[in-house]
Each structure stands twice: as structure tokens, then as C-alpha cells.
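K.L.:
Residue numbers (full-length UniProt numbering): 1 to 79. Glycine included, every Cβ here is placed at the ideal spot set by N, Cα and C. I have a structure I would like to understand better, so I am pasting it below and will then ask my questions one at a time.
Structural data, given as C-alpha cells:
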């Protein structure tokens, strides 16, 4: 996986440091929802059972391969 410098910096935050790279890969490879933002970036979500079913959101750049951000999305609702 490729990462932006922004992602690398955000990963140092205490609330994001426990997000495993395997969860990010799972979210990219098999999202439960995927959508393209107006700016071309791609949002992907997956449910992480190891974190009590929290939903991880991963933001990819327009290339669909570079991770720009990853965080647990408290507002996501599976439909």
C-alpha cells in the first residue's frame, strides 16, 4: 500500500495509532460501502469486529491505491 504524508502524520495520533494496516487493506479490498467524493477521492467503509463492530473509513486518493486517511467513523450506519 502507498500512503500520503498526511496519513503518516495522522497515524501518530493516539486515537488512530491502533488502526491496523490489515484492517485498512480489508477495507480497501472488500468494503461494505464505497463512494467517490466530488474531488475524486474514494471513501471505503468496513466493519471491524475486533473493535467491537466499529466502522473504519478509509479515504483513497483518485488513483484508488494511495491511502490518504483512515479513522473510525462514529456516524456511519450500515444500510
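Rounded to a whole number of angstroms, what is the C-alpha to C-alpha distance between residue 62 and residue 52?
P.N.:
Straight-line Cα distance between these residues: approximately 30 Å.
K.L.:
Verify the contact flag: residue 18, CB atom, against every heavy atom of the ligand ZN, threshold strictly below 6 Å.
P.N.:
The ligand content of the structure shown is nil, which means the ligand ZN is not present either.
K.L.:
Hey, could you find the ends of the beta strand (DSSP E) residue 5 is sitting in?
P.N.:
Element bounds for residue 5: not the beta strand (DSSP E) but the alpha helix (DSSP H), 5-10.
K.L.:
If contacts are defined as beta-carbon pairs under 8 Å, then residue 44 and residue 27 qualify, I think. What distance do you get, rounded to the angstrom?
P.N.:
Contact holds; Cβ gap of about 5 Å.
K.L.:
Around the C-beta of residue 56, are 16 or more other C-beta atoms found within 10 angstroms, so that it is buried, or is it exposed?
P.N.:
Its Cβ being crowded by 16 or more others within 10 Å, residue 56 is buried.
K.L.:
Since residue 33 is in the alpha helix (DSSP H), which residue starts that stretch and which ends it?
P.N.:
Premise fails: residue 33 lies in the beta strand (DSSP E), 33-36, not in any alpha helix (DSSP H).
K.L.:
Going by DSSP in three states, residue 20 sits in which element: helix, strand or coil?
P.N.:
Three-state DSSP puts residue 20 in coil, outside helix and strand.
K.L.:
Going straight from the alpha carbon of residue 70 to that of residue 39, what length do you get?
P.N.:
Going from the Cα of residue 70 to the Cα of residue 39 covers about 17 Å.
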